[in-house]
Each structure stands twice: as structure tokens, then as C-alpha cells.
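Shown next, in C-alpha cells, is the structure this report addresses.
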Amino acid sequence: MGPGDRVIALIVVVLLLAAAAFVVVRALPEKCGDGFEEAAKECVGVTAGVLDGDPELDGLIRDVADENARVEKGWKDPENGEARIPYVRIALMMPFTTDATSSMSTAQIARALAGAHVAQLRANAQAGPRYQLLLANDGKDLDHWGPVVERLAPMAADKESPLVGVFGMPNSTPDTLAAAKALSAHRIPTIGPILTSTTMQAGYFFKTSPSNDLLVRALGSYLEKNPGGTTGFLVSDRREKDSYSTDLRDVFLKHFGTKYGLKQRQASYLGLIGDDKGVPQRFADVARSICLTKADTVFFAGRDHDLPHLVNQLASEPSCSHTMPTRILKVGIGMDPESTGTEITAHLRAARITLVGAASVDTLSWKDPAQLPAGPQGFLETFEKLRKTMPDNPAWGAKPLDDGYAVMYHDAFTVLAQATDRAYDDINGEGGEGKGGDRKKKPGAVELPSHDDVYNTVVNMNILGTDKGASCVNCVRGASGTFGFDDSPDTRKWAVCKPVPVIEYPAAPSAGKDGKGGKDGKDKKPDRVYRTYEDNFDGSCP
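Numbering (the UniProt record's numbering), first residue to last: 1 to 542.
What follows is the structure, encoded as C-alpha cells:
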């Protein structure tokens, strides 16, 4: 082989290597599917179709994809000469896969997705534009939000089927805040259904849940009526990246530190979520310290899945006499099923421990659906219909409503859909070419609201003070209660007049033998429920 042949051979090799590299690079997105890319062995991205999530989620994911396809067909190729119905898109941004330390469990994902899908189905059963529910997977640890935002941003500029909002983001972490700020930079309204850390603030970032400060104020109202002892103890998760726990610890100290001596009596543990080094959920030293100090009021600044381990450790701690009752005060979305199972309930009763949780919603009190207000009643009807279509799905669990995820994800979607409907009517003229208008005569002769229109509507979903008290004219009557939003720097886009029930578990003996109420507690007058920012309306929320 001569010098010329060697040069030619070398060029061929280089070209082959380049082609191989090109094939490998191109193969990664194809491996993950259309609309996705690989990031740290996860497929992150956005789809209106089926994504590769945990196997237990398959039925729900396919049901969402089927509804999305029906919505698209109703606009692009309606059957039997029906009028074309335009649609917008709302993205659900959260994980769809799990491992032992991921930000959500499979059950939590299933309940959140079910609640969002119920809201989609309810919105699509109404007049006006229809809704696609996009599934936006940002990774099990919420840290691959960058590629997701890059894919969502151009959708907001689409005139035919615009993206009008994003919701999801299950945990208060620096990554969640960074994602919210990135979406705000594109002026996309974003809603956190279950975020509570007071640090979760960005320009276009709304929260349907109360903040830690508001939840703790509800606990303060509870403690005024049920003072008990004042020997407190603070237990907190020391994980560095969990804004929720660190913020809640600070809020507990701010409100109760002096009265309950929390600076003198506190201990920390390593929570389960995240990649911090060390064995998580070790509560032996914490339980021993609580018992030695004879604390009767424990303030828990950690996540719900860690709480059963603390309860079990306290119940079995030899230095605890359990002759006096102990309260564990917490905040959360609902009452996690892990904290109300048969075994842990037995431990709670035996050790005379009561969980006292300020929550976004109390589904344990939903005894008779017929007696519920319209908001939760409508949600529950559609939820049960959906559940019956998937009776063997293990991800739902025996108590799919208790943790509040389904309810709060439903309400977050509902806020965006309600704002879209209202903007659509305003733009097209209610009774004209908008809702109830002449779409059959003028197919497509309507203008869909943009993400800016939706944002401008959400900030005016406010509670109004009148001479007859607070009024809900433009606000939301959600499954978790009646609430609104405004653009005030005081409220910082947290829900206004949001009910914050305080749940006791196990309930007092007079409330029934099952710990969830019953005949014996029928005549007991319930405590007034705290409402967020109720002082703005002299305590008179609608």
C-alpha cells in the first residue's frame, strides 16, 4: 500500500467513525421516543402520547393519551360532520419513574396523575375549548428540568394549539425553584399543587397549597384551643437540598420556638429522599431524646414517609413510659396512608400518640358524598368513574384520596382550565363565537387565549370584599375548597382564603372507634377551619 492509499484509508476510517458517532448520537433520542432525550439514564421530555413510566402507571398514562388523541381528532378530523373544537395544552411536569430515594413514590405519581386526568375529563365535558394534558417528565429527582422547559417554551407560541400553563413540581427543592423561574422567564403561568416552602416564589409561579407559614398558623389556632403542655421538641430533616424541611424548621422556630423551648430541645435525622450520604430514617437517638425530656408536643419538620419510622421508634423506646399523651404536630397535603395503616395506628394508640396535621385538604371527613359542596362532589363523581375503569391497578392503593395528591393536582389543572375558559369567553364574546356560539357556521373562526391571557386571568381570580362580606365572583370552587389568587405582594401568589383543616389521627374516642369519626362524634361541633389570609377579609372568607 502506497502513501496515497494510506491517506485514502485513513480518510475512510475517519468518515466511518464520524458516521458511527452520528448514529450513536441520533440513536439516543430514538431510544427514548419522540419528544424525549436521555439524561443520566432517564428519558426526559414532553409528550401528548404514551411515555415509558413505571409499569403500574401504564393504564393511566394510556388513558390520558387516548383522551389527548380524541381532543386532537375533534379539531383536525371530527367525525360525522361535527363542528371542529379547538384545543389548548396544559403540561403536567413531574417524574413518571421511581427508585428507593426518588422525589415521588409510584403511588403518589398515580394519585397525582389520576387527579389531573379527572380535571382534564371534567373540563373536556364542558363547552368551550378542549384540553390536552401533556406529560412532561423532568426526572425522578426533578433535576432534568432544563430539556423539558426547552421543549415547552416553543409550544406557548403555537397559535393553533398553544401551551397555556404548566403544573406539577411535587417537591420544594432548588431544582423546582429553578424550573419555575425558567418558565416564568417565558411568561408561562405555572402552578405548584403541593408545594409549601415559603421560598417557592417566582414571577409566574402560583401555589394552590398553603405555604408552611400559613399551615403553621393553622396549627397555632389549633394550639390556642388545645393548649396541652408547653414542653416542646423539634425534629427536623437535615438534608441540604430539601427546602421544604429547612423552611418548615425555621417557621416552627419562628412561631413556637420561645413558647415551647424548641431551641433547647431539638434533634435532626437524615430523610429518605435524595442522595445524601449516610443511612436514612435513623430515629433511635431522636426518640430517646424526646422521652428523656418528657416532651409532650413534638414539632415534625420532615416528610410524611419518614414519620412512621419516628412513631414506631417512639412506641418501642424503653425510656418512654407513655403514661401521658404525646402530640406530633406536622404539616402536609392530607394524611398519608403510610401514617394511617393498621400497624401504625395500633402503635399510635398503644403509645398514646396523636398526629395533628395542618393540611391542604381533609378527605377523611368526606363521609357522605351527597352532603359535600359542589366542588368536591363533582370531583369525586368523576374520580370514582375513572377508578372503576382500572379496578385492578395496584398503584391507586386502598386509600387513594387520603394523602390529598389527587385532589390538589385536580385543583391545579382546574385553575388553568378555568382561567383559559374565562379568557376564551372574553376574547371571543360569551354567547358569540365562543361558548355556545356558532362554531358550526364558522368553523375555526375563534381565537384561543395565549399563556399571557391565562396569567392575566389567574391574577384576577380574586376574593372580593363587599358590604355583605367576602364574595367569590371570579375565584375557584375546587375540590379542596373555595380559594382565589391576586397579584398582591402580600400574598406572593399563594392561594387566598384557602381552607386549612387540622386533622387529628387517631381521632378522639368520641369520634368513633375506627379513628375516623362515627356515630359517637356526630353531635360534636367541628372547629372553625382556618383560611389563608382571612384577616384581609375580617375572617369572613366565602
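All C-beta atoms in this analysis are idealised placements derived from N, C-alpha and C, irrespective of residue type, glycine included.
Rounded separation between residue i and residue j - CA only
{"i": "Leu-372", "j": "Ser-321", "result": "42 angstroms"}
{"i": "Ala-153", "j": "Val-164", "result": "10 angstroms"}
{"i": "Pro-318", "j": "Lys-294", "result": "13 angstroms"}
{"i": "Met-155", "j": "Pro-189", "result": "13 angstroms"}
{"i": "Ala-284", "j": "Val-311", "result": "11 angstroms"}
{"i": "Pro-369", "j": "Ala-91", "result": "30 angstroms"}
{"i": "Glu-82", "j": "Thr-389", "result": "27 angstroms"}
{"i": "Glu-504", "j": "Leu-348", "result": "12 angstroms"}
{"i": "Val-235", "j": "Val-286", "result": "7 angstroms"}
{"i": "Asp-34", "j": "Gly-74", "result": "23 angstroms"}
{"i": "Met-461", "j": "Tyr-533", "result": "15 angstroms"}
{"i": "Gly-515", "j": "Thr-340", "result": "The predicted model places Gly-515 with a pLDDT of 46, which falls under 50 and marks its position as unreliable; any figure quoted below should be read in that light. In a straight line, the C-alpha of Gly-515 is about 9 angstroms away from that of Thr-340."}
{"i": "Arg-528", "j": "Tyr-131", "result": "37 angstroms"}
{"i": "Asp-535", "j": "Thr-491", "result": "12 angstroms"}
{"i": "Ile-463", "j": "Phe-537", "result": "9 angstroms"}
{"i": "Pro-489", "j": "Ser-471", "result": "21 angstroms"}
{"i": "Asp-99", "j": "Gly-53", "result": "12 angstroms"}
{"i": "Asp-520", "j": "Ser-540", "result": "The predicted model places Asp-520 with a pLDDT of 44, which falls under 50 and marks its position as unreliable; any figure quoted below should be read in that light. Spanning the two alpha carbons is a distance of roughly 30 angstroms."}
{"i": "Val-148", "j": "Ile-191", "result": "16 angstroms"}
{"i": "Gln-377", "j": "Lys-367", "result": "11 angstroms"}
{"i": "Phe-167", "j": "Pro-193", "result": "7 angstroms"}
{"i": "Leu-133", "j": "Glu-38", "result": "22 angstroms"}
{"i": "Pro-325", "j": "Ala-351", "result": "8 angstroms"}
For residue i, three-class secondary structure by DSSP
{"i": "Trp-494", "result": "strand"}
{"i": "Ala-83", "result": "coil"}
{"i": "Ala-417", "result": "helix"}
{"i": "Glu-56", "result": "helix"}
{"i": "Cys-291", "result": "helix"}
{"i": "Val-361", "result": "coil"}
{"i": "Tyr-530", "result": "strand"}
{"i": "Gly-397", "result": "coil"}
{"i": "Leu-386", "result": "helix"}
{"i": "Leu-380", "result": "helix"}
{"i": "Ala-65", "result": "helix"}
{"i": "Gly-375", "result": "helix"}
{"i": "Glu-72", "result": "helix"}
{"i": "Phe-537", "result": "helix"}
{"i": "residue 558", "result": "Because the chain here runs from 1 to 542, residue 558 falls outside it and cannot be looked at."}
{"i": "His-39", "result": "In the sequence as displayed, the identity of residue 39 is Ala instead of His. In the structure shown, Ala-39 sits in a strand (DSSP, three-state: E or B)."}
{"i": "Val-46", "result": "strand"}
{"i": "Gly-429", "result": "helix"}
{"i": "Tyr-458", "result": "Reading off the sequence shown, one finds Val at residue 458, where the question assumed Tyr. Of the three classes helix, strand and coil, the one that applies to Val-458 here is helix, per DSSP."}
{"i": "Ala-412", "result": "helix"}
{"i": "Ala-470", "result": "strand"}
CB contact flag (residue i, residue j, <8 angstroms)
{"i": "Leu-215", "j": "Thr-196", "result": "yes"}
{"i": "Thr-199", "j": "Leu-135", "result": "no"}
{"i": "Val-502", "j": "Gly-357", "result": "yes"}
{"i": "Gln-281", "j": "Phe-233", "result": "no"}
{"i": "Ile-353", "j": "Leu-314", "result": "yes"}
{"i": "Ala-116", "j": "Phe-413", "result": "yes"}
{"i": "Asp-402", "j": "Thr-363", "result": "yes"}
{"i": "Lys-385", "j": "Leu-355", "result": "no"}
{"i": "residue 543", "j": "Lys-263", "result": "This structure gives no information on residue 543, because the portion of the chain shown stretches from 1 to 542."}
{"i": "Thr-420", "j": "Pro-400", "result": "no"}
{"i": "Pro-162", "j": "Val-88", "result": "yes"}
{"i": "Thr-297", "j": "Gly-229", "result": "yes"}
{"i": "Ala-172", "j": "Leu-142", "result": "It is worth fixing the name first, because residue 172 is Ser in this sequence and not Ala. No; because the gap between Cβ atoms is not below 8 angstroms, this pair is not in contact."}
{"i": "residue 590", "j": "Gly-261", "result": "Absent from the structure is residue 590, since the part of the chain shown begins at 1 and ends at 542."}
Practice task
Specify whether the segment 460-475 and the segment 484-503 touch according to this definition: at least 3 beta carbon pairs, one from each stretch, less than 8 angstroms apart.
Solution key: yes
Handout entry: Cβ contact check for the segment 52-59 and the segment 393-402: 3 or more pairs under 8 angstroms
Key = yes
Problem - Touch test, the segment 294-305 against the segment 239-258, Cβ-Cβ under 8 angstroms, three pairs minimum - result: yes
Practice task
Return the chain-ordered ranges of every beta strand (DSSP E) run that is complete within the segment 75-161 and spans a minimum of 3 residues.
Solution key: 87-94, 130-137
Practice task
Run through the UniProt domain "Leucine-binding protein" (166-315) for me and flag every whole alpha helix (DSSP H) of 4 or more residues, listed as ranges in chain order.
Solution key: 174-185, 212-225, 243-256, 284-292
Problem - Meets three-Cβ-pair contact criterion under 8 angstroms: the segment 332-339 and the segment 399-407 - result: yes
Exercise for the section: For the segment 322-372, list the beta strand (DSSP E) runs that are entirely contained and at least 3 residues long, ordered along the chain. Expected result: 326-331, 353-358
Exercise for the section: Would you be able to state if there are at least three C-beta pairs under 8 angstroms between the segment 179-186 and the segment 250-270? Expected result: no
Handout entry: the segment 415-430 / the segment 93-112 touching (three or more Cβ pairs under 8 angstroms)
Key = no
Exercise for the section: May I ask you to verify whether the segment 137-148 touches the segment 38-45, counting CB pairs closer than 8 angstroms and requiring at least 3? Expected result: yes
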